[in-house]
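This note's numbering numbers the first residue of the sequence shown as 71 and each following residue consecutively.
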Amino acid sequence: MKTVLLSIAFAIVSSLGFTQEKTGHTIIVTIENVKNDSGKILLGLHDKTTFMKADAVAKGISAIKNGTCTITLENIQPGEYAILALHDENENERMDFEDSGMPAESYGTSNNPRSFGPPIYDDAKFKLGEEDLEISIRL
Numbered sequence: 071m072k073t074v075l076l077s078i079a080f081a082i083v084s085s086l087g088f089t090q091e092k093t094g095h096t097i098i099v100t101i102e103n104v105k106n107d108s109g110k111i112l113l114g115l116h117d118k119t120t121f122m123k124a125d126a127v128a129k130g131i132s133a134i135k136n137g138t139c140t141i142t143l144e145n146i147q148p149g150e151y152a153i154l155a156l157h158d159e160n161e162n163e164r165m166d167f168e169d170s171g172m173p174a175e176s177y178g179t180s181n182n183p184r185s186f187g188p189p190i191y192d193d194a195k196f197k198l199g200e201e202d203l204e205i206s207i208r209l
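#1: Quick one: give me the first and last residue of the alpha helix (DSSP H) that D193 is part of.
#2: As a quick exercise: from E102, G94, L154, pick the residue whose alpha carbon is nearest that of G114.
#3: Between which two residues does the beta strand (DSSP E) containing T93 stretch?
#4: Using the three-state DSSP reduction, which class does T140 fall into: helix, strand or coil?
#5: Out of E161, A126, P148, state which residue places its alpha-carbon closest to the alpha-carbon of F196.
#6: In angstroms, rounded to a whole number, what distance separates the CA positions of E200 and V127?
#7: With distance defined between alpha-carbon atoms, name the residue in K135, A152, N136, G137 nearest to N143.
#8: I'd like to know if the segment 104 to 113 and the segment 127 to 137 are in contact, where contact means that at least 3 CB-CB pairs between them fall below 8 Å.
#9: Are I97 and T138 close, meaning C-beta to C-beta below 8 Å?
#10: With a 10 Å radius around its C-beta and 16 neighbouring C-beta atoms as the bar for buried, classify T93 as buried or exposed.
#11: Smallest Cα separation from I207: which of H116, F121, T140, K123?
#12: Rounding to the nearest angstrom, what Cα-Cα distance links H157 and D193 in this structure?
#13: Reducing DSSP to helix, strand and coil, say where P188 ends up.
#14: Put S84 into one of helix, strand or coil per three-state DSSP.
#15: For E204, which of helix, strand or coil comes out of DSSP?
Take a look at the structure:
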């Protein structure tokens with residue numbers, strides 16, 4: 071009898087772990103115009119305090135197929151964010167630079183601004199409201 075009761079209790083507790091409620095929203099990011107399929111795409115979702123830093127609100131990584139990939143970020147709270155995406159061709163998990171200081175690997179940001187110099191948060195920022203969001207970034 072104890073074994074049956076313990077089995078039922080275990081089944082109930084186990085099933086509770088699979089019925090977690092969604093606590094935020096989903097951002098689906100499509101990366102386009104990747105120059106080749108070598109390496110990976112590294113993606114970071116940033117707020118103003120983490121922009122251009124190693125820390126991020128959320129991170130994603132994906133292989134590249136036919137010059138594109140899709141990364142899904144889940145359970146993101148409403149707020150203002152910016153996305154940085156990097157084509158990490160040599161998979162060293164960081165941006166590489168030429169001797170001149172110019173980036174050796176392609177990168178892009180949300181809103182696809184084209185500017186000289188490093189990315190600017192105000193150019194890349196967007197608002198996540200009460201609905202899921204789809205974003206396209208060109209490298």
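Cβ atoms here follow ideal geometry from the backbone N, Cα and C, with glycine treated the same way.
These figures come from a predicted structure and were not determined experimentally.
Based on what the coordinates show:
#1: 191 to 194
#2: L154
#3: Looking at the DSSP string, T93 is not in any beta strand (DSSP E), and its letter there is neither H nor E.
#4: strand
#5: P148
#6: 18 Å
#7: For clarity, residue 143 is Leu in the given sequence; the question names Asn instead. Residue nearest to L143 within the set K135, A152, N136, G137 is A152 (criterion: CA-CA distance).
#8: yes
#9: no
#10: The residue is exposed, with fewer than 16 neighbouring Cβ atoms inside 10 Å.
#11: The shortest C-alpha separation from I207 is found at T140.
#12: 20 Å
#13: coil
#14: Any answer about S84 is weak, because its pLDDT of 47 lies below 50 and its placement is not dependable; what the coordinates show is given next. Three-state result, S84: helix.
#15: strand
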